[in-house]
Each structure stands twice: as structure tokens, then as C-alpha cells.
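For the protein sequence lines, the chains are A and B, in the order given.
Take the first sequence: its position 28, counting from 1, is numbered 28 in the UniProt record's numbering, and each next residue is one higher.
Take the second sequence: its position 109, counting from 1, is numbered 109 in the UniProt record's numbering, and each next residue is one higher.
2 protein chains.
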Amino acid sequence: MTRRTGRRPGNPGTREAILDAARTAFAERGYDVASIRGIAATAQVDPALVHHYFGSKDQLFLAAMNFPVDPGQLVPKVLAGDRDGVGERMVRIFLGVWDSPTGSAAQALLRSAVSNEWTARLLREFVTTQLLRRVLENLDVDPVELPLRGSLVATQMIGLAMMRHVVRLEPVASADPETLVAAIGPTIQRYLTGPLPT
Amino acid sequence: MTRRTGRRPGNPGTREAILDAARTAFAERGYDVASIRGIAATAQVDPALVHHYFGSKDQLFLAAMNFPVDPGQLVPKVLAGDRDGVGERMVRIFLGVWDSPTGSAAQALLRSAVSNEWTARLLREFVTTQLLRRVLENLDVDPVELPLRGSLVATQMIGLAMMRHVVRLEPVASADPETLVAAIGPTIQRYLTGPLPT
């Protein structure tokens, strides 16, 4: 993480103190319950300063995760197009991020989540609140089914990332992205919009 | 890796020395190329002693991985039944192992593979040669397609293990096994026997 100096109000440690407080709050209380007000109190700063540095709670979460891409910009791309193509688009956009230079930050996050319960909690909150919920809420499926659909999608997507980038199992590790889109897209489509076991 | 000195056939360090040599050979050369003869040479013992302690190359690999279950006993269960049910049976048997007390060894292996390139290679060899190849060879699919089918299965299965046991994303983390069999079985079935992208 980069450190800035010369900023006012606040000494150079203020930004880091806010991020530390945010990581603790998001991991311990979850994204929905954690509040900017509470995070500011832990960091002993005014809530207005948190907004000044980081903007919204979403943006603070991204900064706390050190996440290289704003899901707020990805989700509309997943949703742009017909409903039957959402599975393939999700795989294509996911691979676009993971295969890019910025994907190494996502890989580091995944590795860390495996060995660190605290990072695992942050990753869990991130995947559900920043990615899956936003997509699923726009797909007109039964709200009761959202958690199961979302976590099924996560099993396939995280497994894809693990095998392609961490364990590096061939031929998935070096397959053309469109081969994986064609093979795995229908799985994601079924988890998102297909029939679920009752 | 531990190093032993003053070894003779039958002293307490011999068994560990063989396992060390086996791990190195399987990780560096791969399961197919590694040989009992070469492993015995590295461990400075007679090949007959390796057979005496561990039996076959398969069994030596399992011992080297410290793997709690013999896939040789699981694969026939996956294959026992009609071809259209192989996906569901694979998920059911996989969950049976991971959810059991012995599953903690598998979880430890997965965690280690994420942080350790050497364990990742062993896991890769294990998954492909001990599990997927054995199942796929009995399903009458085009041999050219075996590697892609096998690694697609691995993405979904390892992702399921990650989300259920490591990241613990709900509701997958505590779902009834049969719910997951019904939801994920068709994915595995398609990867094993369905049409693949060309």
C-alpha cells in the first residue's frame, strides 16, 4: 500500500488508520453492518474525513481490500445483453480481470484468503455484496434463492481462478479464454437463472 | 525436507527418506515419469525395500501425499451405476470424503497447495493421475478430450471444496450434501460426458 504525506487534515498515518479500522469492521461485522461512522470512531477521526478520503462505503471497502478493479464498473458489463448470455459474459469478464496485469492482486487475495481466516471473511463479503448480489438482483430471480445461486456461482468461479492461476492445471491454465467461456458459461448460466434443487 | 544420516535398510529413518525422495520425484518429474527405481536410488535403498514398505507406485504416491483415502477404492463407486448418474455420484462421494473427519487432511493439502508451488504440483499430479484419468478412461469419451474434461471437473470440484471448507461461504458451507449433489452434479456430468467447445 502506498503512503501519502503532506495531506491535511490528518497526519500521514490517518489514511492507514482508517483502512485498518475498515478491514477489521468489514471482516468482523460484515459489509452490511459495518458503518462509516463506526469505522471513523475506531480510527479516531471524523466520519467526514473518511468520506473525504474514500467516498462511499463501497469505495472504502475496495480500498481496504486493495482490490484493483471496481466491480461497480464490471457488473453493468455482465448485465449488458440478453439474459441467456449472462453466464458467458460473466466468465468472459472475470477472465479478463484475472488474466490482466491487475489480476495478480486478485490472485494474492485468493492465496491470502486460504491461509488467513480474516482475509477469507473479507473475500466472502466482497464476493457476495460487491459482485454476486449486484448481478443477481438484476436478473429477476426469486430473492429467496439468491444466496444459494450466488454461492454456487462462487464455487465455479473461484475454482476456475484456482486451477488457472494458482494450481495451474493444464489445459485450463493456458486455454484460450473463449474456450473457457464456452465450456463454463453454461454452468454459470444455470446457477444464475436455471432451476435449483428444492 | 528432513535429511537423515547413517541410514541402513530397516532403520527408522528409511521410510521417511523414501517418502522424501518420492515427493521430490513426483513433484519434479510428474507421476508418470517418476519411477520406484529412481526414488530408491535417491533414498539410497534397494527398490525391493520401497515395494516392501509401500507396495505399488500408486500406493507410494498416496503415502507421500499423506492422503487419507485411497482413490482406487473411490473410483469404482463413482463408476458403479448408469453413465448419466456419474456426475451426481462424483459430487456425492467427493463430499463424503471432504465432509468426513479424514477430510481435514484434504483441506490441509489444498491450503498448502495454494502457498507452495511444490505441493501444488503434487496436487495437480494426484488429481489428474489418481482421480480424473481413472474415471474418464472408463466413460468412453474421446481420449483427445480427456485433459480438458478432467481439468474442467477439477475447477468445479476444487472450487466447491474451497467455498465449503476453506472460505466457508454460506449457504454452500452448511448445505445438505444432497442439495449440492443435485445442483452441481449436472455440471460435472456435462464436463465429463457432454459436448465440449471445439
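Positions of the beta carbon are idealized from the N, C-alpha and C atoms, including for glycine.
Close beta carbons around residue i, own chain, < 7 angstroms, minus the five adjacent residues each side
i                      : result
residue 150 of chain A : 128, 132, 133 and 136
residue 118 of chain B : 27
residue 50 of chain B  : 18, 36, 39, 40 and 60
residue 34 of chain B  : 25 and 26
Range of the contiguous alpha helix (DSSP H) that encloses residue i
i                      : result
residue 112 of chain A : 103-115
residue 61 of chain B  : 57-65
residue 126 of chain B : From DSSP, residue 126 of chain B is part of no alpha helix (DSSP H); its letter is neither H nor E.
residue 156 of chain B : 146-161
residue 52 of chain B  : 47-54
residue 75 of chain A  : 71-79
residue 42 of chain B  : 36-43
Sequence-distant residues of its chain with Cβ nearer than 8 angstroms to residue i (five each side left out)
i                      : result
residue 200 of chain A : Residue 200 of chain A cannot be examined here, being either before or after the span of chain A that is shown, 1 to 198.
residue 44 of chain A  : 17
residue 169 of chain A : 163
residue 148 of chain A : 196
residue 86 of chain A  : 78, 79, 135, 139, 188, 189, 192 and 193
Three-way DSSP call (helix, strand, coil) for residue i in this model
i                      : result
residue 186 of chain A : helix
residue 89 of chain B  : helix
residue 30 of chain A  : coil
residue 174 of chain B : helix
residue 169 of chain A : coil
residue 137 of chain B : coil
residue 180 of chain B : helix
residue 196 of chain A : coil
residue 142 of chain B : coil
residue 13 of chain A  : coil
residue 82 of chain B  : coil
Rounded Cβ spacing between residue i and residue j (contact assumed at less than 8 angstroms)
i                      : j                      : result
residue 39 of chain A  : residue 63 of chain A  : No, residue 39 of chain A and residue 63 of chain A are not in contact; Cβ-Cβ is about 12 angstroms, not under 8 angstroms.
residue 93 of chain A  : residue 114 of chain A : In fact, because the Cβ distance is near 24 angstroms, the residues do not count as touching under 8 angstroms.
residue 193 of chain B : residue 156 of chain B : Not a contact, Cβ separation roughly 14 angstroms.
residue 123 of chain A : residue 167 of chain B : 6 angstroms
residue 185 of chain A : residue 125 of chain A : Incorrect: roughly 26 angstroms between the Cβ atoms, too far for contact.
residue 152 of chain B : residue 183 of chain A : 6 angstroms
Sequence-distant residues of its chain with Cβ nearer than 6 angstroms to residue i (five each side left out)
i                      : result
residue 99 of chain B  : none
residue 146 of chain A : 136
residue 68 of chain A  : 102 and 105
residue 154 of chain B : 127
> When you check each C-beta in the segment 156-168 of chain B against every C-beta of chain A, which residues fall closer than 9 angstroms?
Replying inline: Answer set for the segment 156-168 of chain B: 156, 157, 158, 159, 160, 161, 162, 163, 164, 166, 167 and 168.
>> Please identify, using Cβ separations under 8 angstroms, the residues of the segment 183-197 of chain A that lie next to chain B, in order along the chain.
In response: 183, 184, 186, 187, 190, 191, 196 and 197
>> By the 8 angstroms beta-carbon criterion, what residues does the segment 110-138 of chain B contribute toward chain A?
In response: 110, 111, 113, 114, 115, 120, 123, 124, 127 and 128
>> Give me the subset of the UniProt domain "HTH tetR-type" (12-72) of chain B whose CB atoms are less than 9 angstroms from a CB atom of chain A, sorted by chain position.
In response: none
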